[in-house]
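>
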Amino acid sequence: MMIAFDMRCVGFMMAKMVLRELMDPLVFTKFKSFLTKGNDPSCLREFLLQLLNRNSSFGNAGLQMLDRNWGAGWNLLSLLLATEPSNRISCLDALRHPFLCGPRWKVVPSMNIIRWGLGSTAVRISEEYIYGDPQRRRLAHFIELMEMLNPHPKPKNWLEFLPGKWRLLYCTGKHIGLTFRQPPARVLVGNVNLTISRTSKTKTAFSLASEIDFTVMLGQNWPHDKTGVNGKMQVNSLCRLTAGKRLYIKEEDTTTGKFSWSPNTHDSVAQKLSGRKWRKAVPFKELPTSLPVAKLVSNDIDVTLNLGDPLKKDVATAGNVVQEIRLQIPPEMFDLTKLVCGTYVDSRLLVVRGVNGSALLFTRSCIDENLR
Numbered sequence: 001m002m003i004a005f006d007m008r009c010v011g012f013m014m015a016k017m018v019l020r021e022l023m024d025p026l027v028f029t030k031f032k033s034f035l036t037k038g039n040d041p042s043c044l045r046e047f048l049l050q051l052l053n054r055n056s057s058f059g060n061a062g063l064q065m066l067d068r069n070w071g072a073g074w075n076l077l078s079l080l081l082a083t084e085p086s087n088r089i090s091c092l093d094a095l096r097h098p099f100l101c102g103p104r105w106k107v108v109p110s111m112n113i114i115r116w117g118l119g120s121t122a123v124r125i126s127e128e129y130i131y132g133d134p135q136r137r138r139l140a141h142f143i144e145l146m147e148m149l150n151p152h153p154k155p156k157n158w159l160e161f162l163p164g165k166w167r168l169l170y171c172t173g174k175h176i177g178l179t180f181r182q183p184p185a186r187v188l189v190g191n192v193n194l195t196i197s198r199t200s201k202t203k204t205a206f207s208l209a210s211e212i213d214f215t216v217m218l219g220q221n222w223p224h225d226k227t228g229v230n231g232k233m234q235v236n237s238l239c240r241l242t243a244g245k246r247l248y249i250k251e252e253d254t255t256t257g258k259f260s261w262s263p264n265t266h267d268s269v270a271q272k273l274s275g276r277k278w279r280k281a282v283p284f285k286e287l288p289t290s291l292p293v294a295k296l297v298s299n300d301i302d303v304t305l306n307l308g309d310p311l312k313k314d315v316a317t318a319g320n321v322v323q324e325i326r327l328q329i330p331p332e333m334f335d336l337t338k339l340v341c342g343t344y345v346d347s348r349l350l351v352v353r354g355v356n357g358s359a360l361l362f363t364r365s366c367i368d369e370n371l372r
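All letters in the sequence shown, in the order written, are residues 1 to 372 by the numbering used here.
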């Protein structure tokens with residue numbers, strides 16, 4: 001029998017009840033260590049998804065339960081486990097939370113719940129790895145809604161949330177896969193991370209580091225176990241953060257250097273805003289002509305490539321690997337100067353726009369790799 005002394009104890013009890021894997025003392029120790037090291041509880045899903053998939057033998061029933069209803073379970077869990085007592089949800093508000101009430105008892109969601117649901121849905125769609133036209137339109141639709149409901153439009157707020165390690169989830173730009181072509185080097189790209197750190201010069205100066213983990217497959221055929229030579233490419237740059245605006249113009253008036261609503265996204269967003277559910281939540285009744293953004297002004301880039309043996313000294317293969325990586329990843333993750341503005345940020349998600357208008361969706365990653 002477990003007794004809760006405060007709402008944080010309720011959060012630990014809820015986590016153990018929903019995620020049976022936490023009954024394992026070793027897994028639960030890593031779970032507590034994640035929270036005691038100052039990581040935001042809103043990033044628990046990113047951490048537990050990798051931890052439980054590696055160590056669990058029970059399946060993902062608990063994860064699926066927390067993912068229901070636009071990820072409402074993760075939202076309640078993060079509010080219960082908040083480090084600061086002032087940020088924790090009260091007992092009455094917890095009982096009225098959509099995770100415990102819906103869908104049988106309908107509750108009016110707060111703006112924070114709506115933002116959370118949009119972000120959670122975008123993350124879930126990006127994890128499907130089936131990027132047909134319907135999925136791409138839905139992702140673009142949710143990202144546009146997130147940008148309009150950005151809780152931190154001023155650059156001074158970005159100074160607090162921007163530093164950290166962000167894992168790339170999705171890019172609305174062009175995708176080039178491996179199915180219908182013969183690549184010069186068989187490269188399987190793993191995690192693509194963007195690490196943002198403060199510099200000692202000024203408050204608005206940051207260092208950017210794009211890190212791409214990959215595996216080079218040797219031979220003419222792809223091995224079934226996807227084994228090969230591990231490698232890592234890192235691109236470094238410096239940037240300044242300033243205030244800016246993202247201008248929206250009509251499709252027929254599109255000029256170089258400005259963004260425009262694509263017809264499909266425009267129609268879907270306009271239809272969503274006209275619904276009864278969104279009328280009270282969205283601060284405007286029609287699509288805006290401009291939105292405040294955090295402008296990124298980057299300097300030159302520095303590229304480093306590390307390859308394991310036996311490709312360590314093969315210059316020709318290294319060139320083919322770089323060429324293939326640049327083809328598979330968004331161009332903004334190689335040339336960091338193409339990242340022009342940040343349009344959405346909170347404790348767990350980040351949206352950055354490139355010079356060509358494409359959006360890059362990131363999720364905050366656990367910095368301490370030893371916890372995994």
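C-beta atoms are modelled at their ideal positions from N, C-alpha and C, and glycine is treated no differently.
1) So, do the stretch 326-346 and the stretch 128-138 have three or more beta carbon pairs nearer to each other than 8 angstroms?
2) Which of the three DSSP states, helix, strand or coil, is assigned to Asn55?
3) So, Gly190 versus Phe214, is the Cβ gap smaller than 8 angstroms?
4) Ser358 by DSSP, collapsed to three states: which one?
5) Taking the alpha carbon of Lys156 as the point to measure from, which residue in Gly244, Asn356, Gly38 has its own alpha carbon closest?
6) Hey, Gly196 and Pro151 are a contact pair by Cβ (cut 8 angstroms); roughly how many whole angstroms apart?
7) Return the first residue and the last residue of the alpha helix (DSSP H) that Gly379 is part of.
8) Closest to Pro183 by CA distance: which of Leu168, Thr202, Val107, Met217 is it?
9) Report yes if the C-beta distance between Leu168 and Leu194 is below 8 angstroms; otherwise report no.
10) In this structure, how does DSSP classify Ser298 when only helix, strand and coil are distinguished?
11) Would you tell me roughly how many angstroms separate the C-alpha atoms of Ser57 and Cys91, rounded to the nearest one?
12) Alpha helix (DSSP H) containing Leu77: first to last residue?
13) Check Asp40 in the structure and name its three-state DSSP category.
14) Exposed or buried, Met17, counting other C-beta atoms within 10 Å across all chains shown (16 or more means buried)?
15) Among the candidates Met23, Ser120, Val107, whose CA atom is the shortest distance from the CA of Leu44?
16) Could you give the DSSP three-state label for Val315: helix, strand or coil?
Judging by the given coordinates:
1) no
2) Low per-residue confidence applies at Asn55: pLDDT is 49, beneath 50, and the placement is therefore not dependable enough to give any value.
3) yes
4) coil
5) Gly244
6) It is worth fixing the name first, because residue 196 is Ile in this sequence and not Gly. Between Pro151 and Ile196 the Cβ distance is about 18 angstroms, and since that is not below 8 angstroms, they are no contact.
7) Outside the modelled stretch of the chain, which goes from 1 to 372, sits residue 379, for which no answer is possible.
8) Met217
9) yes
10) strand
11) Its pLDDT being 43, under 50, Ser57 is placed unreliably in this model, and the value from its coordinates should be taken loosely. Their Cα atoms are separated by approximately 33 angstroms.
12) 61-80
13) coil
14) exposed
15) Ser120
16) helix
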